[in-house]
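Visitor: Going down the list, the protein sequences come from chains G and A. Every letter in the first sequence is one number past the one before it in this note's numbering, and letter 142, counting from 1, is 179. Every letter in the second sequence is one number past the one before it in this note's numbering, and letter 161, counting from 1, is 162. Where is the CB? At the ideal position from N, CA and C, for every residue including glycine. Pasting a structure here, questions to come.
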Amino acid sequence: MNLEQYLGLFIDESKENLQILNDNLLKLEKAPASTEILNEIFRVAHTFKGMSRTMGFNNIADLTHNMENLLEPLRSGKKQADGKIVDILFSCLDKLENLVDSVIEKGTENKDNLVNELVEKLKAVINSESSEQSNISVGQKMEFNEYDRAVIDEALSQGLIPKEITVSIANECVLPGVRSYMVNSVLENMGEIIKYCPTVEEIESGVFLQTNDSQYVIKVLLATKEDTEEIKNKLLDISEIANVEVINVSSLAQKAENLSEDASSKIITVEETEANEENKKEDGAQVQKGISKVANQTIRVNSGRLDILMNLVGELVINKTRVFQLSRDLANHDLINAAGFMENITGEIQEIVMKLRLVPIDQVFNRFPRLVRDISKSLNKDVNLVIKGKEIEIDRAVIDEIGDPLVHLIRNSLDHGLETPEDRIKKDKPAKGTIELSALSEGDNILIRISDDGRGIDPEKIKKKAIDKGFITQETARSMSENEIFDLIFKAGFSTVEVATDLSGRGVGMDVVKSKVSTLGGTASISSKVDKGTTVTITLPSTMAIIQALLVKTGNETYALPLNYINEVIDIPAAQVKKIQNREVITVRDKTIPLMRVAELLETPDYEEDSEKPLTVVIVRSHDRYCGLSVSELIGQQEIVIKPINKKLCSENFISGATTLGNGDVAFILNINTLI
Amino acid sequence: MLEELIKSGQKDIQVIIFKLGDEEYAVSIDCVQEIVLPQKATRIPKSPKYVAGVINLRGNIIPVIDGKIKFKIKETAQNLKNEKRIMVIEVENETIGLIVDGVYEVIYLKVNEIEPPPIDMDENSDIFWGIGKHDNRLLILINSEKFLSINEEKTVDTFKKVTEAIKQVKSAV
């Protein structure tokens, strides 16, 4: 059987399941007795087992199988999940991640002796008396809960006869799941299926009932008018069906009723392990409906196709602008109306397509609880991680890139920021430190903040270090603002911690964080108060592909300035430009800001400045740093589609991208971050 | 390069012939995406001199390089302005445009018509395949794979030397 085509599906689902496992293990650590969480973990392990067996990944299957065995006594309440068990489960998770990674990379599992070791460990922990096989071994009779019995009574009153049908599929059958579906569809035609055991979900993950001589057994309760022989014959027509037994159930139902009168418990089940699930699901058919409902809400789409769609919409937006321009030039009223209508629709399409690329930032955030748990354990620090705004959506391209910088920042907070519990008590702080990771949207930008309530950063220390390292001179240090001082931390080779640990402090990192964020078109800044804590703020554009921009002209050239960097546009008389230390500055509302002439900066050819004319200055802001850019003229605000450019030929980082304008011309987008 | 071609057992290669200055050059047709008429390029600020700028090719923005400036080839009066073309080529996963003085024809060049370059090119030998002799014409075969790496002065010098050598051979004939 060719399983290659299912590999992608396996990987996707594995990733999802690993995440669920991770979340629930973290929850389990806090609430070790919760059966709900244990059931969820069990379910994931179970699904994993089924999927990996099907794909032939036996290491994963073995591991998850033994995880199930470990979970079994926990679920039934025979044992408590203590720290040791949670740790083992975490190491299982890590191993699973490892194995899945190797599947992603090579398409096969790593041959790994550690798996066996882990399995042995698991086995050791599993109490001998509760180490029963987790495969559902059934007693000979199917039993029913109240709901089932109500349905049986209903069927009897309609003149249908409930029959319990036991179907054994041949042991050598390769696809018992398929046979099971065939059984299901045959029986569906003959009457009403009240109960189908195992459930559809279980069959999908390869779990069947078992008897002494058969591996794949299905039990069905069918309300039908057909007679027993007819049912038997039809079922035996399906290939690979070894045996069919049909028993009339009326007597069974009776018996169950008796039992329920005797027993005080409301639900009688064959298997204790099934009790909870049974309770929730009622019956197999409904589960199936439920699944198809969920499946209709989301579909997986190849991201390559999304990119193509994105590009096409980009073209559409450009042409829309062009049509709109033409219609206005022609001054034809009907045409303007039609073009306006088209503009609205294009706008909506664009918005939706942009949204398709957005994913909740939770996809990055969800890995941090585990990270914080592990690091805080190894550092003996007690930490409370607060995550806010995980529903904020951000471009897929950003999600892939932002993870590593955030990991770095969180490590920093844990390692350098937070004090040890003893130190914290001495400072009158709660022993448990807090790290807050939050996302919020602000206009077209997304802000991600990592703040801790640790020891903070002393600006004087930074200054001293920077002078020692020769980044700045004594003199400049004196005139620097606090923000400028904290910015020094982002310089390459800067680290204030003397001892490098394996976590952080090697002086690489903050500059990498900065450059990564800046390639994403964002900015990073630090603020801190001694003994109060440190906050790192990352500002990112929420979309990467289409932005609002101000088009400006210098000489004959057109450039685009991203609108989210622009503070204001002013005209200023040429005489008001002053020189400080050979740099031109202007004063805007009592604030002195540097002035840059774009034409000089970009060496625009054939450009002559009229010294009499007032200057048109666009004031841009990046990280609380302001700068005035003098341009020849403003063209207007417009939506532009960012197109990639050849990085080798566009030197000096002046340019972050390019775009095509309505008339087909190309305009470069200025990279404000590196410009000022 | 040439040895590899001979080893591969291929009998001929399809090349496109274009002109820069006085000489005819050829490049494997596999890397040529299309040939377009010259259009106004937008200057890239602070880019090297040989970069003419970028053009909008059906929505894709591609940089355009002036072949004559890049390889320091002298302008000749004979070349007609209206024969200028931009050859859009794909090299090392990047699409770039190359301004040439004319694109003439596509031919099948027999492998045994290719000779090694006339001068010793030591470490830069991989920028050329060799010299193609075809119908009494001498074609300088450029290795498109190494096209963009012809950046350093030295490689440009080699390029010039080969071109000069070909000129001498021609005048001797």
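Give me the subset of the segment 58 to 88 of chain A whose CB atoms are less than 7 Å from a CB atom of chain G, sorted by chain position.
Guide: The residues in question are G60, I62, P64.
Visitor: In its own chain, which residues sit with a C-beta less than 8 Å from the C-beta of L9 of chain G, not counting the 5 before and 5 after it?
Guide: The structure shown does not extend to residue 9 of chain G, since chain G is modelled only from 38 to 713, so the question has no answer here.
Visitor: Of all the CB atoms in chain A, is at least one closer than 8 Å to the CB of A695 of chain G?
Guide: Taking the first residue of the first sequence as position 1, residue 695 of chain G is located at position 658. Closer than 8 Å to some Cβ of chain A, the Cβ of A695 of chain G qualifies, so yes.
Visitor: Under 8 Å, CB to CB, which of the residues in the segment 699 to 711 of chain G have a partner in chain A?
Guide: Of all residues in the segment 699 to 711 of chain G, G701, D702, V703, A704, F705 have a Cβ within less than 8 Å of some Cβ in chain A.
Visitor: Based on DSSP bridge pairs, tell me the residues matched to H135 of chain A.
Guide: By one-based count along the second sequence, residue 135 of chain A stands at place 134. DSSP lists A:R138 as partners of H135 of chain A.
Visitor: In the segment 375 to 417 of chain G, which residue ranges form an unbroken beta strand (DSSP E) of at least 3 residues, counting only runs that do not cross its ends?
Guide: Runs of the beta strand (DSSP E) inside the segment 375 to 417 of chain G: 395 to 397.
Visitor: Distance check for N710 of chain G and S413 of chain G, CA to CA, integer angstroms please.
Guide: Locating residue 413 of chain G in the first sequence gives position 376, counting from the first residue. Locating residue 710 of chain G in the first sequence gives position 673, counting from the first residue. Rounded to whole angstroms, S413 of chain G to N710 of chain G spans 35 Å at the Cα level.
Visitor: Does any residue of chain A have a CB that is nearer than 8 Å to the CB of L639 of chain G?
Guide: The sequence position of residue 639 of chain G within the first sequence is 602, counting from 1. Yes, its Cβ sits closer than 8 Å to a Cβ of chain A.
Visitor: What's the gap between the Cα of D49 of chain G and the Cα of T697 of chain G?
Guide: Indexing the first sequence from 1 puts residue 49 of chain G at position 12. Indexing the first sequence from 1 puts residue 697 of chain G at position 660. Their Cα atoms are separated by approximately 37 Å.
Visitor: At 8 Å on the CB atoms, spell out the chain A contacts of F691 of chain G, in chain order.
Guide: Taking the first sequence and counting its residues from 1, one reaches residue 691 of chain G at position 654. Correct list: P46, K47.
Visitor: Determine, for T43 of chain A, whether the minimum Cβ-Cβ distance to residues of chain G falls below 8 Å.
Guide: The residue you call residue 43 of chain A lines up with position 42 of the second sequence. At least one chain G Cβ lies under 8 Å of T43 of chain A.
Visitor: Report yes or no: do the segment 87 to 102 of chain G and the segment 429 to 442 of chain G share at least 3 C-beta pairs separated by less than 8 Å?
Guide: Counting Cβ pairs under 8 Å, fewer than three are found: no touch.
Visitor: In angstroms, rounded to a whole number, what distance separates the CA positions of F19 of chain A and A78 of chain A?
Guide: Position 18 of the second sequence holds residue 19 of chain A. Position 77 of the second sequence holds residue 78 of chain A. When rounded, the distance between both Cα atoms is 17 Å.
Visitor: So K501 of chain G is in the alpha helix (DSSP H); what residue range does that whole segment cover?
Guide: To locate residue 501 of chain G, count along the first sequence from 1; it is residue 464. Residues 496 to 505.
Visitor: Any beta carbon from chain A within less than 8 Å of D153 of chain G's own beta carbon?
Guide: Looking up residue 153 of chain G in the first sequence gives position 116. It should be noted that the sequence gives Asn, not Asp, for residue 153 of chain G. Chain A, which has no Cβ nearer than 8 Å to the Cβ of N153 of chain G, makes this no.
Visitor: Just to confirm my understanding: we take I143 of chain A, look at its own chain, exclude 5 residues before and 5 after, and list those with CB closer than 8 Å. What are they?
Guide: What you label residue 143 of chain A is simply residue 142 of the second sequence in a count that begins at 1. Hits under 8 Å: Y26, A27, V28, I128, F129, W130.
Visitor: Can you tell me whether N700 of chain G is helix, strand or coil according to DSSP?
Guide: In the first sequence, residue 700 of chain G corresponds to position 663, counting from 1. In the structure shown, N700 of chain G sits in coil (DSSP, three-state: anything other than H, G, I, E or B).
Visitor: Pick helix, strand or coil for K262 of chain G, following the three-state DSSP scheme.
Guide: The count along the first sequence starts at 1 and reaches residue 262 of chain G at position 225. Three-state result, K262 of chain G: coil.
Visitor: Using the DSSP secondary-structure output, state which residues sit across from L598 of chain G in a beta bridge.
Guide: As a first step, residue 598 of chain G must be located in the first sequence, where it is residue number 561. In the DSSP output, where bridge partners are listed per residue, L598 of chain G has G:L587.
Visitor: Would you say E95 of chain A reaches chain C, if we count a Cβ-Cβ gap shorter than 8 Å as a contact?
Guide: Chain labels in this structure do not include chain C; the protein chains are G and A.
Visitor: What span of residues does the alpha helix (DSSP H) with C129 of chain G cover, start to end?
Guide: If you number the first sequence from 1, residue 129 of chain G lands on position 92. Segment 120 to 143, the alpha helix (DSSP H) holding C129 of chain G.
Visitor: Between the C-alpha atoms of T641 of chain G and V420 of chain G, what's the straight-line distance to the nearest angstrom?
Guide: Taking the first sequence and counting its residues from 1, one reaches residue 641 of chain G at position 604. Taking the first sequence and counting its residues from 1, one reaches residue 420 of chain G at position 383. Straight-line Cα distance between these residues: approximately 55 Å.
Visitor: Per DSSP, which residues does R461 of chain G bridge with? Please list them.
Guide: Here residue 461 of chain G is taken as the residue at index 424 of the first sequence, counted from 1. In DSSP, R461 of chain G forms no bridge with anything.
Visitor: Mapping DSSP to helix, strand and coil, what is Y109 of chain A?
Guide: Stepping through the second sequence from its first residue, residue 109 of chain A is reached at position 108. It is a strand residue.
Visitor: Output, in sequence order along the chain, the residues in the segment 156 to 168 of chain A whose CB is closer than 7 Å to any CB in chain G.
Guide: Within the segment 156 to 168 of chain A, no residue has a Cβ that lies closer than 7 Å to any Cβ of chain G.
Visitor: What are the boundary residues of the alpha helix (DSSP H) that Q362 of chain G is part of?
Guide: As a position in the first sequence, residue 362 of chain G is number 325, starting the count at 1. Per DSSP, Q362 of chain G belongs to the alpha helix (DSSP H) from 340 to 367.
Visitor: Can you give me the C-alpha to C-alpha distance between H445 of chain G and I487 of chain G, rounded to a whole angstrom?
Guide: For the purposes of this step, residue 445 of chain G is taken as residue 408 along the first sequence, with counting starting at 1. For the purposes of this step, residue 487 of chain G is taken as residue 450 along the first sequence, with counting starting at 1. Near 11 Å, if we compare the C-alpha coordinates of I487 of chain G and H445 of chain G.
Visitor: Per the DSSP calculation, G470 of chain G is bridged to which residue(s)?
Guide: Along the first sequence, one-based indexing puts residue 470 of chain G at 433. For G470 of chain G, which the question treats as bridged, DSSP gives the partners G:V420.
Visitor: Going along chain A, which residues have a C-beta under 7 Å from E352 of chain G?
Guide: Reading the first sequence from its first residue, position 315 is the one you call residue 352 of chain G. Within 7 Å Cβ-Cβ: G60.
Visitor: Mind checking whether I623 of chain G and G665 of chain G have CB atoms under 8 Å apart?
Guide: Counted from its first residue, the first sequence places residue 623 of chain G at position 586. Counted from its first residue, the first sequence places residue 665 of chain G at position 628. Contact: yes.
Visitor: When you compare only the Cα positions, how much space is there between T84 of chain G and S555 of chain G?
Guide: Your numbering for residue 84 of chain G matches position 47 in the first sequence. Your numbering for residue 555 of chain G matches position 518 in the first sequence. If you take the alpha carbons of T84 of chain G and S555 of chain G, they lie about 41 Å apart.
Visitor: Beta-carbon separation of V204 of chain G and I125 of chain G under 8 Å?
Guide: What you label residue 204 of chain G is simply residue 167 of the first sequence in a count that begins at 1. What you label residue 125 of chain G is simply residue 88 of the first sequence in a count that begins at 1. Result no, Cβ atoms of V204 of chain G and I125 of chain G do not sit closer than 8 Å.
Visitor: What span of residues does the alpha helix (DSSP H) with E109 of chain G cover, start to end?
Guide: Counted from its first residue, the first sequence places residue 109 of chain G at position 72. E109 of chain G -> alpha helix (DSSP H) spans 95 to 112.
Visitor: So what does DSSP say about S555 of chain G, is it helix, strand or coil?
Guide: To locate residue 555 of chain G, count along the first sequence from 1; it is residue 518. Three-state result, S555 of chain G: helix.
Visitor: When DSSP labels each residue in this structure, what does K85 of chain A get in the three-state scheme?
Guide: Residue mapping note: residue 85 of chain A aligns to position 84 of the second sequence, counting from 1. If DSSP states are grouped into helix, strand and coil, K85 of chain A belongs with coil.
Visitor: Which residues does DSSP pair with L246 of chain G in a beta bridge?
Guide: Counted from its first residue, the first sequence places residue 246 of chain G at position 209. Bridge partners of L246 of chain G: G:V254.
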